[in-house]
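Trainee: Each protein sequence line maps, in turn, to chains A and B.
Read left to right, the first sequence gives residues 1 to 291 (the working numbering).
Read left to right, the second sequence gives residues 1001 to 1291 (the working numbering).
C-beta: ideal position from N, C-alpha, C; glycine also.
Protein chains: 2
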Amino acid sequence: MAKPLKECSVAVVGLGLMGASLCMDLKEGQRCREVRGVARRTRTVLDAFFAGAVDLATNDLQTGVLGADLVVLATPARTILSALAEIGERLWPGTVVTDMGSTKGEICAAMGALPPAVEPVGGHPMCGKETAGFEAAECGLYRGATWVLTPLPRTSPDALALTTELVLAVGGRPLLLAPERHDRLVASISHLPFLVASALTAAVAEVGDQDPTVWAVAAGGFRDTSRVAASDTQMFLDILLTNRTAVLAQLERFQADLGALHRLLESSDEAGLRRRLVRTQQIRARWKPRT
Amino acid sequence: MAKPLKECSVAVVGLGLMGASLCMDLKEGQRCREVRGVARRTRTVLDAFFAGAVDLATNDLQTGVLGADLVVLATPARTILSALAEIGERLWPGTVVTDMGSTKGEICAAMGALPPAVEPVGGHPMCGKETAGFEAAECGLYRGATWVLTPLPRTSPDALALTTELVLAVGGRPLLLAPERHDRLVASISHLPFLVASALTAAVAEVGDQDPTVWAVAAGGFRDTSRVAASDTQMFLDILLTNRTAVLAQLERFQADLGALHRLLESSDEAGLRRRLVRTQQIRARWKPRT
């Protein structure tokens, strides 16, 4: 029988928005024995420590994770991959390792290659903000949010139970998915929207280069449709490059749908346009976001 | 010297979100002598009257506008065009006619053909919600919002002054633009985002047809990027078909920008992707919406 979360030392690697918000929730609710924070920059280490977001803080990865019962990797996806390679051999037997990376295929493959005594479980909380970094962290970020867990064939029931306890402790809703299925779904509802928002921002900026008044007339429609384009570039580069195939497939699907609208408008086919727009209007008006 | 707004009878034609919100602000602030509301459906006429949103309500267009000092057309764009044709000959000399239509080229052309004694000024408040109809109306909708006015060559200073007074009375920020320039700018920041949101909703729905779990993992990114797809279909059909050329040009600009991202990702060109994404990240993070 494994330890309950309450008795665990939890090491969170990466004190940006996601990692630091998790630390704050764990500390605030006294959900575990201790919260350790690992950040690359000394400045973040100090900020987290003096803000009381962690019990212990360090910028040394090995020091931070050694002896922890639960390690949570909360950096961009490719940094998670290199951290797994770095810490794998040194973790104590029985250490549960999970992550908050936005893509799961490559990360779960790397987790599968960890030494047998380590207990990996993939994870991805479906929330976030377009503002990144420790300064943007806040208590309650995970409340009500779907938190995908992607167990590996080797994941033990105890490891999955502890990870689930962590998710529930901060108010998340655990949802178990296979890594590939997760990646296909988030390519559609997260990675594609990011590319679309970026291209929209680029298109409006081209108009703005000719006529800056465009920025004065831009209102709620542009604000919301483009919001995620302001997200952290490194995080999204990692996402796009570790989920390339699924993202390209979704992007092509979107381009086909937009192309259909373009052709209907070009030919002034009002009935055809109406059919498509009524359908998406109904789908979107019916869908209710969880958070 | 024209009458100030305070002494005017204002007739608002169309009691959906925009028209009814304007009525409520005028009534609440006692900004004019009387507020008349014209709606097609008897049910809306009764709702507006009993909610105290108007002093007088009718579903007869001619009755509603006859004798008003200021007529505000607040229906979808093509209904504004037919209303102008219907009421033009019957308005009293000196009546100021403005509108809240989302496109200005065709409407201002139709306004230019009104009898010489009528005083037209095009208008378009840059706000709204994805929920439509009288039920969605609220006081304060226009507070802080840019409200584009598109005067015609024949627009008198008095007519422009009264329209400006109306905008300021409900907290809007008047911005004078030529109709064609307005249409080009809103094609970019409003009509294009709508098409993008609709195509995104369609692409996600296709995934949902195979795997409905996509709707459970969808979070803030999809929520915001797709929000405007839930907007009123008739309003947007009118917009697209009365601003077709400008919308097609913006759509093609967007398709080119998205195609560039597609090519960079397909070839795993990280440096090229980073350059583009950093640029749009900075542009979008810098831009601050007014409302």
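On the premise that B/R1036 lies in contact with B/L1056, defined as a C-beta separation below 8 Å, what is that separation, rounded to the nearest angstrom?
Mentor: Right, the Cβ-Cβ distance comes to about 5 Å (below 8 Å), so this counts as a contact.
Trainee: Counting only beta-carbon atoms, is A/K104 nearer than 9 Å to chain B?
Mentor: No, its Cβ sits nowhere closer than 9 Å to a Cβ of chain B.
Trainee: Quick check on B/C1139 - is its C-beta less than 9 Å from some C-beta in chain A?
Mentor: It does not; no Cβ of chain A falls within 9 Å.
Trainee: Could you give the C-beta distance for A/V65 and A/I80, rounded to a whole number, given that I count them as a contact under 8 Å?
Mentor: Actually they are not in contact, since the Cβ atoms of A/V65 and A/I80 sit about 13 Å apart, beyond 8 Å.
Trainee: Under 9 Å, Cβ to Cβ, is there at least one residue of chain B near A/T213?
Mentor: At least one chain B Cβ lies under 9 Å of A/T213.
Trainee: By alpha-carbon positions, which one of B/E1028, B/T1131, B/V1214, B/R1033 ends up nearest to B/E1007?
Mentor: Comparing Cα-Cα distances from B/E1007 to each of B/E1028, B/T1131, B/V1214, B/R1033, the minimum goes to B/R1033.
Trainee: On a Cα-Cα basis, can you pick out the residue from A/E180, A/A178, A/V148 that is closest to A/V167?
Mentor: Selected option, being the one with the closest Cα: A/V148.
Trainee: Using the C-alpha atoms, what's the distance from A/A83 back to A/L91?
Mentor: Roughly 12 Å separates the two Cα atoms.
Trainee: So, B/V1217 versus A/I189, is the Cβ gap smaller than 9 Å?
Mentor: Yes, the Cβ-Cβ distance between B/V1217 and A/I189 is below 9 Å.
Trainee: Could you work out which residues of chain A lie near B/R1284, taking near to mean beta carbons separated by less than 7 Å?
Mentor: Those are T201, S226, A229, A230, listed as they occur along chain A.
Trainee: Give a yes or no on whether the C-beta atoms belonging to A/V10 and A/A68 are separated by under 9 Å.
Mentor: Against a cut-off of 9 Å, the Cβ pair of A/A68 and A/V10 comes out as a contact.
Trainee: Determine, for B/F1049, whether the minimum Cβ-Cβ distance to residues of chain A falls below 9 Å.
Mentor: No, no contact with chain A.
Trainee: Starting from A/R43, trace the alpha helix (DSSP H) in both directions and tell me its first and last residue.
Mentor: Counting along the chain, the alpha helix (DSSP H) containing A/R43 begins and ends at 42-50.
Trainee: Hey, out of A/T75, A/R181, A/G122, A/A136, whose CA is closest to A/Q234's CA?
Mentor: Per the Cα distances, A/T75.
Trainee: Taking the alpha-carbon of B/L1026 as reference, which of B/R1284, B/A1085, B/A1169, B/L1141 has the nearest alpha-carbon?
Mentor: Minimum Cα distance to B/L1026 is reached at B/A1169.
Trainee: Taking Cβ positions, are B/F1219 and A/M126 nearer each other than 9 Å?
Mentor: In the sequence on display, residue 1219 of chain B carries Ala and not Phe. Yes, the pair counts as a contact, with Cβ atoms nearer than the cut-off.
Trainee: Contact between the stretch 1271-1279 of chain B and the stretch 1137-1145 of chain B: three or more CB pairs below 8 Å?
Mentor: These segments do not touch.
Trainee: Taking the C-alpha atoms as reference points, what is the distance between A/L264 and A/A203?
Mentor: If you take the alpha carbons of A/L264 and A/A203, they lie about 21 Å apart.
Trainee: B/D1238 by DSSP, collapsed to three states: which one?
Mentor: Helix.
Trainee: In whole angstroms, what is the alpha-carbon distance linking A/V121 and A/D47?
Mentor: Spanning the two alpha carbons is a distance of roughly 29 Å.
Trainee: Could you tell me the boundaries of the alpha helix (DSSP H) in which B/L1066 lies?
Mentor: Counting along the chain, B/L1066 falls outside any alpha helix (DSSP H), and DSSP gives it neither H nor E.
Trainee: Please go through the same chain and pick out, in chain order, the residues whose beta-carbon is closer than 6 Å to the beta-carbon of B/P1174, but skip the five residues on each side of it.
Mentor: Counting only Cβ-Cβ distances below 6 Å, and skipping sequence neighbours, we find W1147, L1149, T1164, V1167.
Trainee: Using a cut-off of 9 Å between C-beta atoms, extract the partners of B/P1093 located in chain A.
Mentor: Result: empty, since nearest Cβ-Cβ is about 33 Å, beyond 9 Å.
Trainee: Can you list the residues of chain A that B/R1143 reaches, using a CB-CB cut of under 9 Å?
Mentor: The contacting residues do not exist; B/R1143 stays about 13 Å from chain A at best.
Trainee: Flag A/P289 as yes if its beta-carbon sits less than 9 Å from any beta-carbon of chain B, otherwise no.
Mentor: Judged by the 9 Å Cβ criterion, A/P289 is in contact with chain B.
Trainee: Beta-carbon of B/E1180 versus every beta-carbon of chain A: anything under 9 Å?
Mentor: Output row for B/E1180: interface = no.
Trainee: With 9 Å as the C-beta to C-beta threshold (strictly closer), list the residues of the stretch 1238-1258 of chain B near chain A in chain order.
Mentor: For the stretch 1238-1258 of chain B, which is checked against every Cβ of chain A, the residues closer than 9 Å are L1240, L1241, R1244, V1247, L1248, Q1250, L1251, E1252, R1253, F1254, Q1255, A1256, D1257, L1258.
Trainee: Please give me, in chain order, every unbroken run of the beta strand (DSSP E) with length at least 3 that falls completely inside the stretch 51-112 of chain A.
Mentor: If we require 3 residues or more, the beta strand (DSSP E) runs fully inside the stretch 51-112 of chain A come out as 56-58, 70-73, 96-99.
Trainee: Need the endpoints of the alpha helix (DSSP H) that B/H1182 sits in, please.
Mentor: B/H1182 -> alpha helix (DSSP H) spans 1179-1186.
Trainee: Could you say which of A/T42, A/S267, A/F194, A/M18 lies nearest to A/Q250 if we only look at CA atoms?
Mentor: For A/Q250, the nearest C-alpha among the options comes from A/F194.
Trainee: Distance check for B/E1206 and B/S1268, CA to CA, integer angstroms please.
Mentor: One C-alpha to the other measures close to 26 Å.
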